[in-house]
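For the record, the sequence lines run as chains E and X. FYI, the numbering for the first sequence is 1 to 334, going by the numbering used here. FYI, the numbering for the second sequence is 335 to 668, going by the numbering used here. C-beta atoms are modelled at their ideal positions from N, C-alpha and C, and glycine is treated no differently. Written out below as structure tokens is the structure these notes cover.
2 protein chains.
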Amino acid sequence: MARLTVSDLGEVELVEQILDKLSVPNSDVQIGPGDDAAVLGIGGSVVLTTDSQHEGTHYFAEWIAPEVLGRRAIAVNASDLGAMGARPRGFLVALALPTSTELDWVISLAEGLREGAERFGASILGGDVAAVADRVSINVTALGEIEKNTEPVERGGAAEGTWCFVTGWPGRSGAARQMFKTGYKPSAAFEACIDAFLDPRPPVTFGGCVASQGLVGAMIDISDGLAVDLERICLASGVGARLDAEMLVADTVLVDAAAELNIDPIKLVLGGGEDYELLCSVADGKAQTFRALAAETGVEVRAVGRFVAADEGITFVRAGHAETILPDGWDHFA
Amino acid sequence: MARLTVSDLGEVELVEQILDKLSVPNSDVQIGPGDDAAVLGIGGSVVLTTDSQHEGTHYFAEWIAPEVLGRRAIAVNASDLGAMGARPRGFLVALALPTSTELDWVISLAEGLREGAERFGASILGGDVAAVADRVSINVTALGEIEKNTEPVERGGAAEGTWCFVTGWPGRSGAARQMFKTGYKPSAAFEACIDAFLDPRPPVTFGGCVASQGLVGAMIDISDGLAVDLERICLASGVGARLDAEMLVADTVLVDAAAELNIDPIKLVLGGGEDYELLCSVADGKAQTFRALAAETGVEVRAVGRFVAADEGITFVRAGHAETILPDGWDHFA
């Protein structure tokens, strides 16, 4: 028997099936899915961000299972909240679905969205579904909260002489994307890279903690590529940066994957993109607390260099030579 | 010379060109576009809703100029805020653009988005752009605020015996959509219908006022069609409704357009859809104040019937005969 598609159900029943897979909103959500809009009480400041996953641009259907895609669509938005030091409170999801989309696929996607929100202690607040001719797209808007006495962490607060820290394993997502393009070669390194790419786990709680404890000057999520996002911090802060090539590639998984791809691993770290990790400036006197908090919360952090005077530019040092870092991050349109 | 397209610019420059067309956010916006997320202070409750405009589903490019499309994308979201009694505070916009999209088109769209937000005293808080293969889509998330001592207006508050009021001119959008399908015939009636369809002006401020003054029991925006949204209110409130056919079609513009289309005008009113207007329940003792407030704010309102006991069903009365209203509103997927 042919599987049900979204055209077999109609909008009302489709939405009911999706709502059925979402969890009950947290008790501080006054009105959840099902009315014209969602309502929730907020004590401090509201933080908002939006990001989409378009089939054919951000992913291909054969790469990713729908529940993983759902988690990913949530995670990439939560990552931006974490970079502001905000706690996720809820997500809105707007789905564009070809009418031939199988219901089972949509249900699995909805389960992934719920799991994704639950990872951050938040819920799906509402959304929208529409039929389209060609390809799936999933737009998510994330709403976060910053407590009353905490300032959001902006990009312009990196001071000369502070450490440049990154979380996680930048470059792995880029390696996975490259591998998908050139054909899958099974290996342990690739498996780890694929997991980082498809099912990212951004350090959102950690971002909120370092913000509320005042441990970072500037913070950004490096989803557009470390080089691009580092340049953004440097321009906004009026500083340069000098990174250490050895520290940038201190990841045996990445080095192995890069070797199999025959690519310089530093290229993947700087320009690979889609690493839902944080880059931040940390003053000398706060680095120890920063590292301790990371260890306590299970977040990998590495000092990859220092912010320096603006006229020193943005460079990395390899084998004693400084090389300029060009902002060749991931650009959809170029 | 060929016009610039989005692929000529790259993402960074494209975003700069778009930001250039957006207005400076209001002073209560702590961080506007350009960081990982936007931040704004909120005193009461946060209200959130999202809605998309997909080329080929919601509109065709030859129907609508980009600046009108931008205003429309904002208005359809603001309408949902108004239906909750919320004041718009800001909008996030996620654009999916084929790389061949002309820059001029995108700039005009951005101007329309700004104008749209300004109509409601709000601003664009941020967004996202992505390249896609096929068609434009515009997802908007609206954030509104409900003041501390005001309750959001839900769908379940319509009491038996109260008036059923609608704002504006339901049916005109449906007439315009029908006309686009069957080929344009210039007439004054169609011009008014096309304007209602393409460039809706939802009574958002009015929605906030009637909510804060406690004038309505239940309220909904009738964008999915009056019949569907009336049924939603009746089911949520445990009531029925008896509407008056004469009052429903008391709009000479609609009657003229329906005659040219050879359609029963009441079908357009009940099932046409995309009317970004309000349907609400108003108690006898509050109807005079409700009408006075509408007159003062320049909003057209009509009492089209009464909410009745649930076992009387949902009907309209024409020439002395009651006919059942079926929820045959606008469904994307069926």
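DSSP, read as helix, strand or coil, puts residue 128 of chain E in strand. A buried status is given to residue 207 of chain E, since no fewer than 16 other beta-carbon atoms sit within 10 Å of its beta-carbon.
The residues 461, 462, 473, in chain order, have a CB closer than 6 Å to that of residue 428 of chain X in the same chain once the five nearest residues on each side in sequence are set aside. Between residue 170 of chain E and residue 277 of chain E, the beta carbon gap of about 6 Å places them in contact (Cβ cut-off 8 Å). Here residue 59 of chain E is buried: its Cβ has 16 or more other Cβ atoms, across all protein chains shown, within 10 Å. Distance from the CA atom of residue 654 of chain X to the CA atom of residue 583 of chain X, rounded to whole angstroms, is 16 Å. Partner residues in the beta bridge of residue 59 of chain E, as assigned by DSSP, are E:55. In the displayed model, residue 5 of chain E falls within a strand according to three-state DSSP. Per DSSP, the continuous beta strand (DSSP E) segment holding residue 145 of chain E begins and ends at 137–146. Checking the DSSP bridge columns, you'll see residue 457 of chain X partnered with X:424.
Here residue 48 of chain E is not near residue 399 of chain X, since their CB atoms are 7 Å or more apart.
Counted as a single uninterrupted DSSP element, the beta strand (DSSP E) harbouring residue 578 of chain X occupies residues 573–578. In this structure, residue 98 of chain E lies away from residue 228 of chain E, with their beta-carbon atoms at least 7 Å apart. With a cut-off of 8 Å on Cβ pairs, the stretch 222–240 of chain E is not in contact with the stretch 144–151 of chain E, counting fewer than three such pairs.
Where residue 306 of chain E is concerned, the enclosing beta strand (DSSP E) starts and stops at 301–309. Measuring C-alpha to C-alpha distances from residue 450 of chain X to each of X:564, X:356, X:338, X:623 identifies X:356 as the nearest. In the DSSP secondary-structure assignment, residue 198 of chain E is not bridged to any residue.
In this structure, the CA atom of residue 444 of chain X is about 41 Å from the CA atom of residue 290 of chain E. Three or more Cβ pairs closer than 8 Å define a contact, and the stretch 161–168 of chain E meets that threshold against the stretch 279–294 of chain E.
Residue contact with chain E for residue 459 of chain X: present (Cβ-Cβ distance below 7 Å to some residue of chain E).
Residue contact check for residue 83 of chain E against chain X: a CB pair falls below 7 Å. Judged by pairs of C-beta atoms under 8 Å, the stretch 299–314 of chain E touches the stretch 239–258 of chain E, as three or more such pairs exist.
X:527 is the residue among X:640, X:527, X:340 whose C-alpha sits nearest the C-alpha of residue 585 of chain X. Below the 9 Å Cβ cutoff, chain E contributes 48, 49, 50, 141 as neighbours of residue 426 of chain X, in chain order. Within the DSSP secondary-structure output, residue 365 of chain X pairs in a beta bridge with X:373.
Using a Cβ-Cβ cut-off of 7 Å, residue 152 of chain E counts as an interface residue toward chain X, since at least one Cβ of chain X sits closer than that to its own. With respect to the C-alpha of residue 145 of chain E, the residue from X:465, X:520, X:380 having the closest C-alpha is X:380.
With contacts defined by Cβ atoms closer than 7 Å, residue 581 of chain X and residue 652 of chain X do not form a contacting pair. Between residue 369 of chain X and residue 410 of chain X, the C-beta spacing is not below 7 Å. Following the DSSP letters along the chain, one finds residue 484 of chain X in no alpha helix (DSSP H), marked with neither H nor E. Residue ranges of uninterrupted beta strand (DSSP E) with 3 or more members, entirely inside the stretch 603–632 of chain X and ordered along the chain, are 612–616. When DSSP states are grouped into helix, strand and coil, residue 497 of chain X belongs to the strand group.
With distances taken between CA atoms, residue 488 of chain X lies nearest to X:564 out of X:447, X:439, X:564.
Taking 7 Å as the CB threshold, residue 45 of chain E lines the interface with chain X. Take residue 638 of chain X, set aside five residues on each side of it, and the residues of its chain with a beta-carbon closer than 8 Å to its own are 498, 499, 500, 577, 578, 581, 582, in chain order. Bounds of any alpha helix (DSSP H) do not take in residue 315 of chain E; it lies within the beta strand (DSSP E) bounded by 314–318.
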